[in-house]
Amino acid sequence: MQRLFLLVAVMLLSGCLTAPPKEAARPTLMPRAQSYKDLTHLPAPTGKIFVSVYNIQDETGQFKPYPASNFSTAVPQSATAMLVTALKDSRWFIPLERQGLQNLLNERKIIRAAQENGTVAINNRIPLQSLTAAN
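Heads up: the sequence shown at position 80 corresponds to 80 in the UniProt record's numbering, and the numbers run straight through without jumps.
Put into structure tokens, the structure is as follows:
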């Protein structure tokens, strides 16, 4: 009888432990800023302008609580991507993304070293083109 009572108690208590997790709010897109609208309504350019876009870090340190995690940043973290998109959409600029520039430079050093040593395949011995510079 005690085993039956214990089994029923365990089943009742374990039922309380399997509550479904709370659903997080659906993600929402941020509205376009006025500066984005200004960029997309510029007159046609006479020539393209190359512009370098480096990584934009959030240095505000602002965080806010979020139900599905311990904390969330209060400031959007994709500012570099948003800027590149806005520059492309303006039709005035050709953005040169430099967010991963150090990785690209390291890869080019590895390729050049391999080309000098002759340790690359014949089809990879073409000299690397120089990187496009911003205006």
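The beta carbon of each residue, even a glycine, is placed where N, CA and C say it ideally should be.
Just so we're clear, the structure is a prediction, and the values are computed from it rather than from any experiment.
Segment limits, alpha helix (DSSP H) that includes residue i
i: GLU107; result: 101-117
i: LEU29; result: Premise fails: LEU29 is in no alpha helix (DSSP H) and is neither H nor E.
Local conformation of residue i per DSSP, three classes
i: VAL84; result: helix
i: VAL51; result: strand
i: LEU128; result: coil
i: LEU13; result: helix
i: LEU96; result: strand
i: ILE56; result: coil
Alpha-carbon to alpha-carbon, residue j and residue i
i: SER130; j: GLY47; result: 21 angstroms
i: TYR54; j: PRO95; result: 10 angstroms
i: LEU13; j: PRO31; result: 47 angstroms
i: ASN106; j: LYS22; result: 45 angstroms
i: LYS37; j: ARG26; result: 26 angstroms
i: ALA134; j: THR28; result: 34 angstroms
Cutoff 8 angstroms: residue i Cβ touching any chain C Cβ
i: ASN106; result: This model lacks chain C altogether, as it is built from one protein chain only.
Sufficient close CB pairs (3 or more, under 8 angstroms) joining the region 111-131 to the region 77-91
no
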